[in-house]
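First residue of the sequence shown: 519, per my numbering; consecutive thereafter. Think of the CB as a built atom: it goes at the ideal place given N, C-alpha and C, for glycine as much as any other residue.
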Amino acid sequence: MIQVDDRCAGQRIDNFLFRLCKGVPKSHLYRLLRNGEIRVNKKRADCAQRLAQGDWVRIPPLRIAQPDHQQMLGRAHTLTPDADFPALYEDEDLLAVDKPAGIAVHGGSGISFGMIETVRRARPHAPFLELVHRLDRETSGILLIAKKRAALLHLHAQIRAQHIDKRYLTCVRADWRARRRVVSAPLHKYLTAAGERRVCVHPNGQAACTVFRLIQRYAGYALLEAELKTGRTHQIRVHLAHCGAPVAGDDKYGDFALNRALAREDAAPRLQRMFLHAHRLCLQHPSRGTPLELTAPMPDACERFLNQLHSVVQSGSDNRCFPAC
Numbered sequence: 519m520i521q522v523d524d525r526c527a528g529q530r531i532d533n534f535l536f537r538l539c540k541g542v543p544k545s546h547l548y549r550l551l552r553n554g555e556i557r558v559n560k561k562r563a564d565c566a567q568r569l570a571q572g573d574w575v576r577i578p579p580l581r582i583a584q585p586d587h588q589q590m591l592g593r594a595h596t597l598t599p600d601a602d603f604p605a606l607y608e609d610e611d612l613l614a615v616d617k618p619a620g621i622a623v624h625g626g627s628g629i630s631f632g633m634i635e636t637v638r639r640a641r642p643h644a645p646f647l648e649l650v651h652r653l654d655r656e657t658s659g660i661l662l663i664a665k666k667r668a669a670l671l672h673l674h675a676q677i678r679a680q681h682i683d684k685r686y687l688t689c690v691r692a693d694w695r696a697r698r699r700v701v702s703a704p705l706h707k708y709l710t711a712a713g714e715r716r717v718c719v720h721p722n723g724q725a726a727c728t729v730f731r732l733i734q735r736y737a738g739y740a741l742l743e744a745e746l747k748t749g750r751t752h753q754i755r756v757h758l759a760h761c762g763a764p765v766a767g768d769d770k771y772g773d774f775a776l777n778r779a780l781a782r783e784d785a786a787p788r789l790q791r792m793f794l795h796a797h798r799l800c801l802q803h804p805s806r807g808t809p810l811e812l813t814a815p816m817p818d819a820c821e822r823f824l825n826q827l828h829s830v831v832q833s834g835s836d837n838r839c840f841p842a843c
């Protein structure tokens, strides 16, 4: 018998069971629900039923295979990225971490461990840790994790209402002149012949809007701040490629020849990652209702790249700085 607390209130019974009964096949849990062996407040439960705080859930005895402890530790050490995830902010509702580039936010598609699995393993006694949003694997910066279900639902509502202000820093290969540029171009998802997910601008796609502000112009490059008005997959990268200003280091929509040149050991400037960083997030605190602003410092690799751009001497170079509006 398990009593539902405020962290799980509002959750569907099947999702509640999946989290609680890790290692039990989902098909088996659904069969127990259909047979009435899992009950809520002594009554049969439908798989779509949502739980309320104070509900009692009866779960019959279940056999869960327990792997060898030492083997599990060895596997986790091998598959989990060896990276430090500094906390930018933490309280009883929220955890904000600074995600490095090159690490997925969660496991899947051949990746055994991501950010959320690593955070959960580092906090084994935390009863609830769920991603509020996602970042591309190649993108660094602020990643929000909810520590209570009520906080997760509140933040998701803010995202749907477009009340969360997300700002990114990106460096593009282009002679960018506009101080402020609004790009509204619908985005369509598709699969390549190799089965990889891609996005393109298409009239039948989903509405997408990004506001770009020029921060600094270099010789052949520009540092931009991108404000997301919608949150589509690969939105910033595809909108910039559509404008003829590919993100430096972007291996999906960028200038591949340029990326290879920038990654060479003798390159100057040199860049071995995609220059896209989630640097600022403004939201309403889910329980206190007060404004909360989070910032993540620019990664060292991006700072070095910009410093090298500063030092590049070209005739007619334009290295003017523009404050972001």
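Neighbourhood of residue i by C-beta distance below 6 Å, restricted to the same chain and skipping five residues each side
i: Glu555; result: Pro578
i: Phe536; result: none
i: Leu670; result: Glu648 and Ala664
i: Arg699; result: Phe730
i: Arg652; result: Val623
i: Lys747; result: Cys727
i: Gln790; result: Ala781
i: Ala619; result: Glu656, Ser658 and Arg791
Under 8 Å between C-beta atoms of residue i and residue j
i: Phe793; j: Cys761; result: no
i: Leu606; j: Ala814; result: yes
i: Arg697; j: Leu732; result: yes
i: Ala527; j: Arg667; result: yes
i: Leu799; j: Leu741; result: no
i: Ala614; j: Leu662; result: yes
i: Tyr771; j: Ala759; result: yes
i: Leu687; j: Met519; result: no
i: Asp523; j: Gln567; result: no
i: Gln724; j: Arg685; result: no
i: Val650; j: Phe603; result: no
i: Leu801; j: Ile682; result: yes
i: Asp784; j: Gly738; result: no
i: Arg576; j: Arg557; result: yes
Supposed contact pair residue j and residue i - C-beta distance, whole angstroms, cut 8 Å
i: Trp574; j: Asn559; result: 6 Å
i: Pro809; j: Asp611; result: Not confirmed; about 15 Å, so no contact.
i: Leu551; j: Cys565; result: 5 Å
i: Leu569; j: Gln529; result: 6 Å
i: His797; j: Gly659; result: 6 Å
Residue i classed as buried or exposed, judged by whether at least 16 other C-beta atoms fall within 10 angstroms
i: Ala601; result: Its pLDDT being 47, under 50, Ala601 is placed unreliably in this model, and the value from its coordinates should be taken loosely. Burial call: exposed.
i: Asp616; result: buried
i: Gln680; result: exposed
i: Glu656; result: buried
i: Lys665; result: buried
i: Lys540; result: exposed
i: Thr728; result: buried
i: Gly592; result: Its pLDDT being 41, under 50, Gly592 is placed unreliably in this model, and the value from its coordinates should be taken loosely. Answer is exposed; the Cβ neighbour count stays below 16.
i: Arg735; result: buried
i: Phe534; result: buried
i: Phe774; result: exposed
i: His795; result: buried
i: Gly767; result: buried
Beta-carbon proximity list for residue i, same chain, < 8 Å, skipping 5 on both sides
i: Cys718; result: Leu705, His706, Tyr708 and Val756
i: Asp769; result: Glu656, Asn777 and Met792
i: Gln826; result: Ala786, Pro787 and Arg788
i: Thr596; result: Caution is warranted here: a pLDDT of 37 is assigned to Thr596, below 50, making its placement in the model unreliable, and the coordinate value is therefore given only provisionally. Closer than 8 Å at Cβ, skipping near neighbours: no residue.
i: Tyr548; result: Asp532 and Cys565
i: Asp586; result: Caution is warranted here: a pLDDT of 44 is assigned to Asp586, below 50, making its placement in the model unreliable, and the coordinate value is therefore given only provisionally. Answer for Asp586: no residue qualifies.
Residues bridged to residue i [DSSP beta-bridge criterion]
i: Ser829; result: Paired residues: none, contrary to the question.
i: His706; result: Cys718
i: Asp688; result: First, the residue type needs correcting, since residue 688 is Thr and not Asp in the sequence shown. DSSP output for Thr688 lists Leu742 and Leu794 as bridge partner(s).
i: Gly659; result: Lys617 and Ala796
i: Trp498; result: The structure shown does not extend to residue 498, since the chain is modelled only from 519 to 843, so the question has no answer here.
i: Glu610; result: According to DSSP, Glu610 bridges with nothing at all.
i: Pro809; result: Gln802
i: Cys727; result: Ser702
i: Ala664; result: Leu612 and Glu648
Residues near residue i in its chain [Cβ-Cβ closer than 7 Å; skip 5 each side]
i: Gly625; result: Phe631, Gly632 and Glu635
i: Arg525; result: Pro645, Phe646, Lys666 and Arg667
i: Ala703; result: Val719, Ala726, His757 and His760
i: Pro764; result: Val690, Arg691, Leu758, Tyr771, Gly772 and Asp773
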